[in-house]
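Notes follow once the structure below has been shown.
Protein chains: 2
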Amino acid sequence: MPSSVTSPAVDALVQLSFAVHRALTRVAGQFDLSVTQLRLLGILRDRTPSMAAIADFLELDRSSISGLIDRAERRGLVARRASTVDARVILVEATAEGLAVGAHIAQGVSEALEQLIGDATPADIDAVVRIAASLQARADRDLT
Amino acid sequence: MPSSVTSPAVDALVQLSFAVHRALTRVAGQFDLSVTQLRLLGILRDRTPSMAAIADFLELDRSSISGLIDRAERRGLVARRASTVDARVILVEATAEGLAVGAHIAQGVSEALEQLIGDATPADIDAVVRIAASLQARADRDLT
DNA sequence: GAATGTAGTTGGTGATACCAAGTATATTAC
DNA sequence: GTAATATACTTGGTATCACCAACTACATTC
Numbered sequence: 001m002p003s004s005v006t007s008p009a010v011d012a013l014v015q016l017s018f019a020v021h022r023a024l025t026r027v028a029g030q031f032d033l034s035v036t037q038l039r040l041l042g043i044l045r046d047r048t049p050s051m052a053a054i055a056d057f058l059e060l061d062r063s064s065i066s067g068l069i070d071r072a073e074r075r076g077l078v079a080r081r082a083s084t085v086d087a088r089v090i091l092v093e094a095t096a097e098g099l100a101v102g103a104h105i106a107q108g109v110s111e112a113l114e115q116l117i118g119d120a121t122p123a124d125i126d127a128v129v130r131i132a133a134s135l136q137a138r139a140d141r142d143l144t
Numbered sequence: 001m002p003s004s005v006t007s008p009a010v011d012a013l014v015q016l017s018f019a020v021h022r023a024l025t026r027v028a029g030q031f032d033l034s035v036t037q038l039r040l041l042g043i044l045r046d047r048t049p050s051m052a053a054i055a056d057f058l059e060l061d062r063s064s065i066s067g068l069i070d071r072a073e074r075r076g077l078v079a080r081r082a083s084t085v086d087a088r089v090i091l092v093e094a095t096a097e098g099l100a101v102g103a104h105i106a107q108g109v110s111e112a113l114e115q116l117i118g119d120a121t122p123a124d125i126d127a128v129v130r131i132a133a134s135l136q137a138r139a140d141r142d143l144t
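Order-wise, the sequence lines are chains E and A. Per my numbering, the first sequence starts with residue 1, numbered consecutively. Per my numbering, the second sequence starts with residue 1, numbered consecutively.
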């Protein structure tokens with residue numbers, strides 16, 4: 001229950017954001033993972049990115065990724081692999097176990113969030129989808 | 001850019017949540033504060049809660065609050081005060097500076113989030129407000 | 001081939017958050 | 001009215017996260 005800030009819209013965004021974040025924290029915790037590790041496994045579900053690409057996805061400093069991958073690797077969730085193209089680059093892939101955990105997490109996140117917005121009307125949910133899409137569109141545009 | 005998870009609605013919630021969280025992190029960073037400290041100052045804008053009440057607000061372990069308040073106190077943002085009612089209880093209040101910083105932060109958060117949803121229609125924003133309200137209503141109900 | 005740039009790691013720091021264990025004060029129960 | 005129990009907060013220990021600055025190794029540019 002983040003305290004009230006100012007306008008209803010701002011307030012609603014903050015509350016919704018924290019509710020989602022709490023849900024993610026809870027689901028991640030069920031697998032003894034942090035939200036960052038959860039996001040990492042999400043990224044690796046359908047990609048084998050370089051360390052730098054992971055840093056870009058997560059908007060973290062590159063030096064933060066080394067430790068993140070170290071810890072995930074130590075738990076057998078991911079593996080480092082050399083790039084054949086550029087000897088500087090290290091690619092990160094999920095292990096079979098990492099993929100399995102990632103799938104369970106995706107499932108858990110879906111259930112948690114669908115329950116979170118269970119009371120909302122389809123029209124209201126569509127509005128959220130539209131807003132997220134416009135954020136995404138703006139982010140893509142600003143990358144240019 | 002959190003990676004896609006499953007349904008559009010779930011995806012949208014996650015993306016929106018991270019966008020808000022990034023905005024909060026950015027604003028907090030402008031004042032050299034963490035998001036948790038930002039939330040703390042938000043809480044203290046109109047309250048003088050006990051340590052335990054802060055833990056409840058933030059959904060953190062009570063032992064986490066001691067350090068949080070230590071750090072905020074060291075920076076002159078908050079002060080501990082003894083309760084006259086119960087000698088075990090410590091009340092936390094914002095200092096004048098803490099209130100000032102809190103006001104600036106509220107301002108910064110409003111601007112950042114209003115800009116974030118600047119492209120959205122009023123109707124879509126109302127939908128978010130309704131969803132947040134329903135979360136709040138459920139939380140209040142479940143506390144019973 | 002030398003200068004510059006990029007990828008990743010390391011070491012150091014500070015903040016967060018947890019748990020378990022401790023002290024001090026209140027409340028309850030007998 | 002005191003003994004047992006509960007509550008409020010702190011402390012110490014641990015792990016994670018995230019940053020910065022400095023470093024090594026490989027690529028690219030000139």
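Note that the Cβ used here is the ideal one computed from N, Cα and C, for glycine as well. As the structure is a prediction and not an experimental result, all values here were calculated from the model.
Could you check if residue i is buried or exposed, using at least 16 other CB atoms within 10 Å of its CB as the buried criterion?
{"i": "Gln15(E)", "result": "buried"}
{"i": "Asp124(E)", "result": "buried"}
{"i": "Asp11(A)", "result": "buried"}
{"i": "Ala9(A)", "result": "buried"}
{"i": "Gln37(A)", "result": "buried"}
{"i": "Val85(A)", "result": "exposed"}
{"i": "Gly118(E)", "result": "exposed"}
{"i": "Ala139(A)", "result": "exposed"}
{"i": "Gly29(E)", "result": "exposed"}
{"i": "Gly76(A)", "result": "exposed"}
{"i": "Arg39(E)", "result": "buried"}
{"i": "Gly102(E)", "result": "buried"}
{"i": "Ser17(A)", "result": "buried"}
{"i": "Gly67(E)", "result": "exposed"}
{"i": "Ala112(A)", "result": "buried"}
From the DSSP output, in three-state form, read off residue i for me.
{"i": "Val10(E)", "result": "helix"}
{"i": "Arg81(E)", "result": "strand"}
{"i": "Leu58(A)", "result": "helix"}
{"i": "Arg138(A)", "result": "helix"}
{"i": "Asp86(E)", "result": "coil"}
{"i": "Gly76(E)", "result": "coil"}
{"i": "Met1(E)", "result": "Residue placement at Met1(E) cannot be trusted, given a pLDDT of 46 that sits under 50; what the coordinates show is reported in the next sentence. The answer is coil: DSSP assigns Met1(E) none of H, G, I, E or B."}
From the beta carbon of residue i, is the nearest beta carbon of chain A less than 8 Å away?
{"i": "Ile65(E)", "result": "no"}
{"i": "Gln136(E)", "result": "yes"}
{"i": "His21(E)", "result": "yes"}
{"i": "Glu114(E)", "result": "yes"}
{"i": "Ile125(E)", "result": "yes"}
{"i": "Ser50(E)", "result": "no"}
{"i": "Arg88(E)", "result": "no"}
{"i": "Pro2(E)", "result": "Summary for Pro2(E): the model assigns pLDDT 46, below 50, so the residue's position carries little reliability, and this model does not support an answer."}
{"i": "Ile117(E)", "result": "yes"}
{"i": "Ile131(E)", "result": "yes"}
Does any C-beta atom of chain E lie closer than 8 Å to the C-beta of residue i?
{"i": "Glu59(A)", "result": "yes"}
{"i": "Gln185(A)", "result": "This structure cannot settle anything about residue 185(A), because the visible part of chain A is limited to 1 through 144."}
{"i": "Ile54(A)", "result": "no"}
{"i": "Ala96(A)", "result": "no"}
{"i": "Thr6(A)", "result": "yes"}
Q | Every unbroken alpha helix (DSSP H) inside the segment 28–53 of chain A [4 residues or more] | A | Whole alpha helix (DSSP H) segments, 4+ residues: 35–43.
(Q) I'd like the ranges of any beta strand (DSSP E) spanning at least 3 consecutive residues and lying wholly in the segment 89–130 of chain E. (A) DSSP runs (the beta strand (DSSP E)) wholly in the segment 89–130 of chain E: 90–94.
**Q.** Positions along the segment 72–84 of chain A whose CB lies within less than 9 Å of some CB in chain E
**A.** Within the segment 72–84 of chain A, not one residue has a Cβ closer than 9 Å to any Cβ of chain E.
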